[in-house]
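When the letters of the sequence shown are read in order and numbered with the numbering used here, they come out as residues 1146 to 1469.
Report on the following structure.
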Amino acid sequence: MLERVLLLTLLASFLIAVLLSPIFIPFLRRLKFGQSIREEGPKSHQKKSGTPTMGGIVIVLTVLVTTIFISTRFLSFSQEILLLLLVTVGFGVVGFLDDFIKVVLKRNLGLTSKQKLAGQLVIAILFYFGLIQMDFSTEIHVPATNFSIDLGWLYLPLVIVMLVGASNAVNLTDGLDGLLAGTGAIAFGAFAVLAWHTGYIDVSIFSAAIVGSVLGFLVYNAHPAKVFMGDTGSLALGGAIAAIAIMTKMEILLILIGGVFVIETLSVIIQVISFKTRGKRIFKMSPLHHHYELSGWSEWRVVVTFWFVGMVFAVLGIYLEVWL
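This is the structure:
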């Protein structure tokens, strides 16, 4: 029964996203919500200017509708589901404001870093206090070992770092057609499997809803993209995957399953440090996917390669948690 519910969640969210996107894309185009391409980016991206953005609205709405329907119809609308939706919608709203300022107000950088951080902090703190109300364990477990440590009040800064860090890392990965949608589907799929295996059924259902929504969105986001998810989608997905890792007590495993997002972030950090300390760049451009573009790889080749790497990380993560 529960396996059918999981499959139904995946299929329902996929179909909703596939059906909603053709409605939203012309709507976004009429409102002139087109992406502005940064001049310092790869020259080949200039032709993407004007492509409708803020398509992440479709992802967030799909996850919201599917999760609420499935959980109330077949399970129960638990506090875990409420907190996961709080983070997803909350970070999505921060991303929406960022996109709106970029596209409508024509400020290419969107929200200031302080404004964006403030919004992320508020949501992370609300999420933490929601966990505390559930008498949530503040222990973290090292995968493939019997070692765990209780962080106590230090769990709050961990929650903040994970939510803020993951949302920004996922946001950096959203730079090529289908790159984030594909790697995101793989990472959330891994957590859906792990949550199911460890008995977090509600979390597994929520993860499956995200997998279906991003795969449905990928139908229109694959190269050449008809729509971009924007910060509305990327921040929502980043917050969601961190919240799932926390809820399932797989905080450390997030680093492995989200390995592509970690590598993309590290490439930016390394590039900045190298340039500021030595005046030299390690990569032709960061995040890392742009380096491969400028090295002569086609956009599709970069995307498929990153999907494959993401799949390897996902399989390793499942192996560590299930079989070791």
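Each residue gets a CB set at the ideal place from its N, CA and C atoms; glycine is no exception.
Should residue i be labelled buried (16 or more other beta-carbon atoms within 10 Å of its own) or exposed?
| i | result |
| --- | --- |
| G1200 | buried |
| Y1273 | buried |
| M1395 | buried |
| N1291 | exposed |
| P1302 | exposed |
| Q1191 | Confidence at Q1191 is low in this model, with a pLDDT of 49, below 50, so the placement of that residue should be treated as unreliable; the coordinate-derived value is given next. Flag for Q1191 reads exposed. |
| E1284 | exposed |
| Q1416 | buried |
| S1471 | Nothing in the structure corresponds to residue 1471, since the chain is present only between 1146 and 1469. |
| F1172 | exposed |
| T1422 | exposed |
| G1297 | exposed |
| H1342 | exposed |
| V1460 | exposed |
| I1277 | exposed |
| A1289 | exposed |
| Y1300 | buried |
| V1287 | exposed |
| V1359 | buried |
DSSP three-state label for residue i, please.
| i | result |
| --- | --- |
| I1161 | helix |
| E1148 | helix |
| E1284 | strand |
| Q1191 | Confidence at Q1191 is low in this model, with a pLDDT of 49, below 50, so its placement is unreliable and the value that follows should be read with caution. It is helical. |
| P1432 | coil |
| P1369 | coil |
| K1425 | coil |
| F1453 | helix |
| L1155 | helix |
| L1220 | coil |
| K1261 | helix |
| M1392 | helix |
| T1385 | Note that residue 1385 is Ala in the sequence shown here, rather than Thr. Reduced to three states, the DSSP call for A1385 is helix. |
| M1307 | helix |
| Y1345 | coil |
| V1249 | coil |
Using the DSSP secondary-structure output, state which residues sit across from residue i in a beta bridge.
| i | result |
| --- | --- |
| I1215 | None, per the DSSP bridge assignment. |
| D1295 | E1284 |
Is the CB-CB distance between residue i and residue j below 8 Å?
| i | j | result |
| --- | --- | --- |
| M1456 | A1390 | no |
| I1386 | A1332 | yes |
| L1433 | S1419 | no |
| A1311 | L1363 | no |
| T1161 | V1239 | It is Ile, not Thr, that sits at residue 1161 in the sequence shown. Not in contact: I1161 and V1239 (Cβ atoms no closer than 8 Å). |
| L1229 | F1406 | no |
| G1357 | L1155 | yes |
| S1158 | T1207 | yes |
| G1383 | N1313 | yes |
| W1322 | N1366 | This sequence places Asp at residue 1322; Trp is not what is there. Result yes, Cβ atoms of D1322 and N1366 sit closer than 8 Å. |
| A1263 | V1309 | no |
| G1375 | T1233 | no |
| V1150 | G1361 | no |
| S1440 | K1425 | no |
| V1348 | T1393 | yes |
| I1346 | L1147 | yes |
| T1450 | V1205 | no |
| A1410 | L1324 | Going by the sequence as given, residue 1410 is Thr instead of Ala. Cβ atoms of T1410 and L1324: not closer than 8 Å. |
| V1203 | S1258 | no |
| F1453 | T1196 | no |
| I1305 | L1266 | yes |
| G1320 | H1435 | yes |
List the whole-angstrom C-beta distance separating residue i from residue j, where the pair is believed to meet the contact cut-off of C-beta under 8 Å.
| i | j | result |
| --- | --- | --- |
| I1402 | F1458 | 6 Å |
| L1525 | G1462 | Since the first residue of the chain shown is 1146 and the last is 1469, residue 1525 is not available in this structure. |
| L1256 | D1243 | 5 Å |
| E1438 | V1447 | 6 Å |
| A1337 | A1353 | 5 Å |
Can you find a CB in chain B that lies within less than 8 Å of the CB of residue i?
| i | result |
| --- | --- |
| I1415 | This model lacks chain B altogether, as it is built from one protein chain only. |
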